[in-house]
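Enquirer: Below you'll find the structure I mean.
Chains as they are written, first to last, in the working numbering: chain A, 1 to 409; chain B, 410 to 699.
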């Protein structure tokens, strides 16, 4: 009896053991099948970008720009690594406009997707979150969409490179344009800015100082959380103080709400500048005619005399049937710079690629790019103005392809 | 020093906007009051209403405010299968299961919005939404006045439905004593289904008003959910007119907060008030189900 029980127990143990072995084997097989490690015959580059959340308007352009640069390289046969041509695979992950997700995605791109180099997200909060991971892991990352002062303020970078505009130049545009275009105002300025890193730099520090230096009076300077949607009090105050110039630094949902609330309060400033939020075409689509006259700093336009500028915008508009944005250009250029560096390195070693990025000295679709000692390359700025769904350049005069609409309709 | 006209402008705008938000909170309030369900997907129903208004205008040319009835019906029709297949099977299994179901649904709906409509910022473009109404030195957004009036009328209509109709009697009985109501022959499941659909419809109509007055994205709902919680706690759980009064009070206090601390601190004012009322008078300032 006892031996029969022992036999049953042993049999059960064997059956269990067989089952466990089978489960273990299946698990290994499943893991092997699902692990998207880089194959030996491809180059993986990755990016965590905002495909959802408040900054999704930027992310969609970045996706297009990054993908186009990679597609072009692959159409030409790929990149030669150690004498063998390899195709490039771009892995994009959605950070949902959340810096924590950007950091987590960047870890995943490196550990799971085996990316050999990275491209950046958009805005300082997101880009810097991913850049810090890349820096820690010593993997090169090329980004745009991150104003240079906000980028430089984080740390001295070794593996991260940024091409974008400089905040002091951006902040100076309204005052230079008012002077050069001889636009008459009462010189009273109201500043509304979000409390994000670039909002604090531009709205909290640069604009008030530059306004005073240019002889303007700042009658109101208010900050608000990035996701704020109601602005009735600050608009009423600016209106009561009679500010002819309103300078705003906010992302698109807030920019749209603010523009509507300025109009519905019966407030008609002569000049309305909305940095950041008024850039994507979604701003004009959401507002229709109310977008007309709103001014935003720009670092790219298809009319710029750079190689492929006109074709890039035409390709975007042809493929997507949407109006092009300057964000397609900087993201396309960032990806091209990284791909050129990989090609120049001829190897997938992070330090070799990083050294090749440092040697970049070429004319891209956004103009000549050569990184300085802070790993930044500055893009020259112009003033754009929404007019009937388009953004002609209205300043400086030597680059202008449209006439400024003043005062704000 | 802020002038008196600025203070009055801000206060009146706050009252009007608060009244408009009361409609969005009404749906949350009646679902919570009758079904004891914390509808964490309420913000997404609000956003669905904003999209419905936008596409109604784009596809048919019907002004979203004239089509509010259609939007309400559409949202109610979306609400019914959600109740029937997700919530009804959880009846009697405790509040946690249905609350977590709605939390999951909110995440799913956000992703569905992104998938179907992209993550772009949207607004419903209407001329009347961006003009002021001037009364001497006082100038308030016309859309806030329109939104407040629509909200007040609909809240009154829901009040009449609940207090004067047979369904209202069933609803009140189901909310107070669901088991006793079932014993005397009231179909509590049917009452819950209609209540849920009504709550979703109110959220959707409120969402359309928000879409016309402000802007929205697939993830905008969460912020309104928080304000709505504060509003119904202030007005009293399930108290229909209390919701309107709660909205007015919260709008006014938010405006005062905006004037003294800056517009960025409006939500802080609402949430501090929410916690204070919960601690000191959990039944709400006006009590439950007046």
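A virtual CB, placed ideally from N, CA and C, is assigned to each residue, including glycine.
Using the beta-carbon of each residue, which ones in chain A are nearer than 7 Å to residue 525/B?
Expert: Those within 7 Å of residue 525/B in chain A number zero; the least Cβ separation is about 12 Å.
Enquirer: Since residue 539/B meets chain A, which of its residues come closer than 8 Å, beta carbon to beta carbon?
Expert: 260, 263, 264, 290
Enquirer: Helix, strand or coil for residue 568/B, going by three-state DSSP, please let me know.
Expert: helix
Enquirer: List, from N- to C-terminal side, the beta strand (DSSP E) runs of 3 residues or more that fit wholly inside the stretch 226-258 of chain A.
Expert: 245-250
Enquirer: Residues of chain B with a CB under 7 Å from the CB of residue 57/A: which are they?
Expert: Neighbours of residue 57/A on chain B, chain order: 529, 530.
Enquirer: Go ahead and pull the three-state DSSP assignment for residue 395/A.
Expert: It is a strand residue.
Enquirer: Go to residue 413/A, then tell me how far its alpha helix (DSSP H) extends in each direction, as first and last residue.
Expert: Since the first residue of chain A shown is 1 and the last is 409, residue 413/A is not available in this structure.
Enquirer: How would you write the range of the beta strand (DSSP E) that residue 89/A sits in, first residue to last?
Expert: 84-94
Enquirer: Check the Cβ-Cβ distances between residue 453/B and every residue of chain A, and say whether any is below 8 Å.
Expert: no
Enquirer: Whose Cβ in chain B lies nearer than 8 Å to the Cβ of residue 393/A?
Expert: Chain B residues near residue 393/A: none, gap ~24 Å exceeds 8 Å.
Enquirer: If contact is defined by three or more beta carbon pairs under 8 Å, each pair taking one atom from either stretch, is the stretch 363-377 of chain A in contact with the stretch 306-324 of chain A?
Expert: yes
Enquirer: Roughly how many whole angstroms lie between the Cα atoms of residue 342/A and residue 356/A?
Expert: 7 Å
Enquirer: Does DSSP put residue 223/A in a helix, in a strand, or in coil?
Expert: Residue 223/A falls in the strand class under three-state DSSP.
Enquirer: Kindly list the residues whose CB is nearer than 7 Å to the CB of residue 679/B, restricted to its own chain and excluding five residues on each side of it in sequence; keep chain order.
Expert: Short of 7 Å from the beta carbon of residue 679/B, and not among the five residues preceding or following it, lie these beta carbons of its own chain, in chain order: 636, 639, 659, 663.
Enquirer: State yes or no: is the beta carbon of residue 490/B nearer than 8 Å to at least one beta carbon in chain A?
Expert: no
Enquirer: Taking a contact to mean a Cβ-Cβ separation below 8 Å, would you say residue 93/A touches residue 110/A in this structure?
Expert: no
Enquirer: By Cβ distance below 6 Å, which residues in the same chain neighbour residue 146/A in space, the five residues on each side in sequence not counted?
Expert: Closer than 6 Å at the Cβ level, and outside the excluded window around residue 146/A, lie 124, 127, 162, 164.
Enquirer: Are the Cβ atoms of residue 188/A and residue 226/A separated by less than 8 Å?
Expert: no
Enquirer: Would the beta-carbon of residue 252/A fall within 8 Å of that of residue 50/A?
Expert: Using a Cβ distance threshold of 8 Å, residue 252/A and residue 50/A do not count as a contacting pair.
Enquirer: Let's test the definition: count the other Cβ atoms within 10 Å of the Cβ of residue 625/B and tell me whether it reaches 16, buried, or not, exposed.
Expert: buried
Enquirer: Note down, in chain order, all residues in the stretch 543-561 of chain B with a beta-carbon under 7 Å from any beta-carbon belonging to chain A.
Expert: 543, 548, 550, 551, 552
Enquirer: In terms of residues, what are the limits of the alpha helix (DSSP H) holding residue 289/A?
Expert: Counting along the chain, residue 289/A falls outside any alpha helix (DSSP H), and DSSP gives it neither H nor E.
Enquirer: Reducing DSSP to helix, strand and coil, say where residue 412/A ends up.
Expert: Missing from the structure shown is residue 412/A; chain A here goes from 1 to 409 and no further.
Enquirer: For the putative contact between residue 370/B and residue 561/B, defined by C-beta atoms under 8 Å, what is the C-beta separation to the nearest angstrom?
Expert: In the structure as shown, chain B starts at 410 and stops at 699, and residue 370/B therefore has no counterpart that could be examined.
Enquirer: In this structure, does DSSP put residue 548/B in helix, strand or coil?
Expert: strand
Enquirer: Per DSSP, what kind of secondary structure is residue 217/A in: helix, strand or coil?
Expert: Residue state, collapsed to three classes: strand.
Enquirer: Looking at residue 455/B: is its Cβ nearer than 8 Å to the Cβ of residue 469/B?
Expert: no
Enquirer: Name the residue from 217/A, 399/A, 294/A whose alpha carbon lies nearest to the alpha carbon of residue 409/A.
Expert: 294/A
Enquirer: Beta-carbon of residue 626/B versus every beta-carbon of chain A: anything under 8 Å?
Expert: yes
Enquirer: In chain order, which continuous runs of the beta strand (DSSP E) of length 3 or greater are located wholly inside the stretch 517-545 of chain B?
Expert: 541-544
Enquirer: Applying the 10 Å Cβ sphere with the 16-neighbour rule, what's the burial state of residue 233/A?
Expert: Buried: at least 16 other Cβ atoms inside 10 Å.
Enquirer: Threshold first: 4 residues or longer. Then list the alpha helix (DSSP H) segments lying entirely within the stretch 637-693 of chain B, N to C.
Expert: Within the stretch 637-693 of chain B, the runs of alpha helix (DSSP H) at least 4 residues long that lie entirely inside it are, in chain order, 649-670, 675-689.
Enquirer: To which residues does DSSP link residue 299/A through a beta bridge?
Expert: Beta-bridge partners of residue 299/A (DSSP): none assigned.
Enquirer: Following the continuous beta strand (DSSP E) through residue 376/A, name the residue where it begins and the one where it ends.
Expert: 376-378
Enquirer: For residue 261/A, which three-state DSSP category applies?
Expert: helix
Enquirer: I'd like the span of the alpha helix (DSSP H) that includes residue 161/A, first residue to last.
Expert: That residue, residue 161/A, is in no alpha helix (DSSP H); its beta strand (DSSP E) goes 160-164.
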